[in-house]
Amino acid sequence: MSSNKLFHWAALGLLILGLGLTGCSKKSETAAQQGGGTEGAGATESLETPDTGIMEGRTSGPMVPVYFEFDSSKVTGEQVQRIETNADFLKKNPDVDIRIEGNCDPRGTQEYNIALGERRAQSAKAYLINLGVKANRLTTVSFGEEKLLLFGHDEISYAQNRRDDFVIVK
Numbered sequence: 000m001s002s003n004k005l006f007h008w009a010a011l012g013l014l015i016l017g018l019g020l021t022g023c024s025k026k027s028e029t030a031a032q033q034g035g036g037t038e039g040a041g042a043t044e045s046l047e048t049p050d051t052g053i054m055e056g057r058t059s060g061p062m063v064p065v066y067f068e069f070d071s072s073k074v075t076g077e078q079v080q081r082i083e084t085n086a087d088f089l090k091k092n093p094d095v096d097i098r099i100e101g102n103c104d105p106r107g108t109q110e111y112n113i114a115l116g117e118r119r120a121q122s123a124k125a126y127l128i129n130l131g132v133k134a135n136r137l138t139t140v141s142f143g144e145e146k147l148l149l150f151g152h153d154e155i156s157y158a159q160n161r162r163d164d165f166v167i168v169k
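Numbering (numbering that gives the first Met the number 0), first residue to last: 0 to 169.
Quick look at the structure:
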């Protein structure tokens, strides 16, 4: 073999060997679990959701929000069971006061949505009182369309935004 060919074969061998040795590095399992290392775009975050007492929407757990039909403030259908769940919790916890927050989807004027949110909150309050919860434990506020959960312009987003949230205040 000529020295030129030998040089090319040696260079090719070193190139292959070099590529094989410089592949992707791996973190040790312990470092990955502890969030250590400096690879990637940022620090490793836990996928565990901290318990904030919030279950669904902005409602304090274990209560659940109540959802409404378009342009309605009536508690109907499966929402009756949801408000009964909230009433049961409140009757078992007489030291808990709540704020009922009326919300709307973004359709309609701001003034209309504030009024509709208030009617929704008042409707839920009246329902809870009829189920035996003391009125002095319940306050209401309307946020209208100001506290959207979903910002889409589709029926799923609208339906999630037409709700009352039940927030523990003490």
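Quick reminder that beta carbons are idealized off the backbone N, C-alpha and C, glycines included. Because the structure is a prediction, the values reported are computed rather than measured.
| Check | Outcome |
| --- | --- |
| Taking the alpha-carbon positions, what's the L115 to K91 distance? | 30 Å |
| Report the start-end ranges of each alpha helix (DSSP H) in the stretch 100 to 147 that is 4 residues or longer and not cut off at the edges. | 109 to 129 |
| Would you mind reading off the limits of the beta strand (DSSP E) that contains V166? | R162 to I167 |
| To the nearest angstrom, how far is the alpha carbon of T139 from that of F88? | 18 Å |
| Quick check: what's the CA-CA separation for Y111 versus V79? | 25 Å |
| DSSP three-state call for V63: helix, strand or coil? | coil |
| Do E100 and D164 have their beta-carbon atoms positioned less than 8 Å apart in this structure? | yes |
| Between the beta-carbon of L127 and the beta-carbon of A86, is there less than 8 Å? | yes |
| Might you give, ordered along the chain, the residues of its own chain that have their beta carbon closer than 6 Å to the beta carbon of E117, omitting 5 neighbours on each side? | G101 and S141 |
| Answer yes or no: do A123 and V65 have a C-beta to C-beta separation smaller than 8 Å? | yes |
| Check T75 in the structure and name its three-state DSSP category. | coil |
| Out of C103, I113 and K169, state which residue places its alpha-carbon closest to the alpha-carbon of G56. | C103 |
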